[in-house]
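Residue numbers (my numbering): 2 to 141.
Using N, Cα and C, we set each Cβ at its ideal position, and we do this for glycine too.
Structure, as structure tokens:
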């Protein structure tokens with residue numbers, strides 16, 4: 002009896018540990034998010050440096066307030082374009098992660114707990130591999 006309880010506890014512990022693993026696509030999404038954040042932070046810092054230079058030259062009365070506002074708008078548009086180009090460059094990584102998520106959710110094999118049910122000899126769980134994906138089941 003003790004061995005059965007120990008075995009059942011071990012199976013539950015291992016299944017719990019396995020369920021806590023994060024899929025590869027989650028890692029890809031987090032990396033994508035971090036890359037986008039770093040792009041935005043670095044370009045925003047560069048833009049702020051350039052705007053500080055504009056403010057200093059304005060304080061020295063080298064140009065008018067209207068011209069200062071016009072130059073600030075031009076700088077903001079320039080950095081907005083740079084950020085958008087760099088984000089578009091990273092878009093491929095996001096699309097790959099999204100395709101992987103869709104593929105695994107639609108056509109991937111189910112988890113072990115999708116196969117829980119009464120099988121031969123009234124066993125609750127069978128370790129037999131069904132060899133059929135959800136796609137194959139839809140075809141048949």
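With 16 other CB atoms within 10 Å as the buried threshold, where does residue 7 fall? exposed
Any idea if residue 98 is buried or exposed, counting beta-carbon neighbours within 10 angstroms, 16 or more meaning buried? buried
Which of the three DSSP states, helix, strand or coil, is assigned to residue 36? helix
Is residue 60 near the ligand NAP, in the sense that its beta carbon is under 8 Å from a heavy atom of that ligand? As presented, the structure is devoid of all ligands, the ligand NAP included, so that no description of it is given.
Have a look at residue 27 and residue 62 and give me their C-alpha separation to the nearest angstrom. 53 Å
What is the DSSP secondary structure of residue 2, reduced to helix, strand or coil? coil
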